[in-house]
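Colleague: One gets the working numbering by counting positions in the sequence shown from 1 and adding 9 to each. Virtual Cβ for every residue (Gly too), placed ideally from N, Cα, C. Below is the structure I would like to discuss, written out as structure tokens.
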Amino acid sequence: MDFTRLNEFREFDPDLSTTREVVNLFIADAPSRIKAIEKASTAMDAAELSQAAHALKGASSNVGAITLIRLSETIERQASAGNIPVDIGTLIEELRESWSGTKMELLSWLEPSDTIPG
10 MDFTRLNEFR
20 EFDPDLSTTR
30 EVVNLFIADA
40 PSRIKAIEKA
50 STAMDAAELS
60 QAAHALKGAS
70 SNVGAITLIR
80 LSETIERQAS
90 AGNIPVDIGT
100 LIEELRESWS
110 GTKMELLSWL
120 EPSDTIPG
């Protein structure tokens with residue numbers, strides 16, 4: 010995680026209320042984005058895989074989730090060329106592991122009263 014991105018919001022969001030909302034939305038949404046990547050890879054649909062990876066990459070960029078950005082970018086690059094990455098299973102497993110760590114870090118960053126369940 011690169012918390013610089015979240016701290017940049019302070020200029021426009023001094024109490025970080027909007028930033029916390031963005032983080033909570035990301036926490037709620039990221040699992041479905043990862044599932045979309047899994048579904049597209051299972052279907053061997055490179056176009057859908059590229060789109061799903063791009064969506065996760067963009068959402069991850071909003072909160073500074075560096076490893077998720079890197080992994081999504083790797084998948085997107087290959088899928089946008091019409092290829093399902095040979096190591097897609099490994100990449101998806103790395104996405105899941107990174108998501109788990111990222112979620113924990115973001116939940117720690119949030120105040121307990123601002124976190125969402127699950």
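Which residues in the same chain as serine 70 place their Cβ atom closer than 8 Å to its Cβ, once the five residues preceding and following it in sequence are excluded?
Modeller: Arg14 and Ile78, listed in sequence order.
Colleague: Expressed to the nearest angstrom, what Euclidean distance is found between the alpha-carbon atoms of aspartate 24 and aspartate 96?
Modeller: Between aspartate 24 and aspartate 96, the C-alpha separation is close to 42 Å.
Colleague: Note down, in chain order, each residue of its chain lying with its Cβ closer than 7 Å to the Cβ of methionine 53, except the 5 sequence neighbours on either side.
Modeller: Around methionine 53: Ile93.
Colleague: Can the beta-carbon of phenylalanine 35 be found closer than 9 Å to that of leucine 104?
Modeller: No.
Colleague: Residue range of the alpha helix (DSSP H) that valine 95 falls in?
Modeller: Note, valine 95: premise wrong, no alpha helix (DSSP H); not H, not E.
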